[in-house]
Amino acid sequence: MPTGPGAVATAAYDALARALSAPEGVWQQVVRERYYGGGQDLLNRFARSRRTTGAARYVVVPDGVRVQPGYADDLAIVQFATRDDLGYTVATWPMAWIDGDWRVRVPDNIETLWGPGTSVATLTGFGSWKGQP
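Residue numbers (my numbering): 2 to 134.
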């Protein structure tokens with residue numbers, strides 16, 4: 002897998018999208034391969050998230066994406082912004098380069114990955130993956 006800020010952001014979003022949208026029997030392997038840490042607790046948490054009817058429909062192209070300053074060859078913090086009623090909600094995903102691949106570094110508190118995110122008013126400092134009209 003390529004390295005660099007674009008590669009780490011793509012790996013982060015790919016890990017989430019595949020874990021939520023891959024078929025039964027496949028998503029579990031995706032979680033084992035694309036996430037570092039969490040073990041059975043992480044699998045159980047994704048199983049609960051997937052029980053939401055149509056959970057994969059929540060996997061949309063974010064309005065903004067950025068890799069936080071301090072990016073290193075083996076560690077990066079990726080942020081995704083999605084529009085909400087007050088501006089944007091930012092989700093933060095820690096990433097680690099392990100065995101030649103970017104993986105989501107699961108925090109000790111797994112629920113952090115499902116937290117409410119941070120609110121911001123604008124996309125200043127974010128790039129876009131969406132096509133421009």
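Ideal Cβ placement from N, Cα and C applies to all residues, glycine included.
{"Query": "Residues that residue 106 bridges to, as DSSP identifies them", "Result": "37"}
{"Query": "Buried versus exposed call for residue 2 [16 or more other C-beta atoms within 10 Å across all chains shown]", "Result": "Residue placement at residue 2 is poorly supported in this model, since its pLDDT is 47, which falls under 50; the coordinates are not used for a value here."}
{"Query": "Collapsed DSSP secondary structure at residue 115 in the structure displayed", "Result": "helix"}
{"Query": "Residue nearest to residue 120 in terms of C-alpha spacing, selected from 103, 107, 113 and 87", "Result": "87"}
{"Query": "Buried or exposed (CB count within 10 angstroms, at least 16 for buried), residue 5", "Result": "exposed"}
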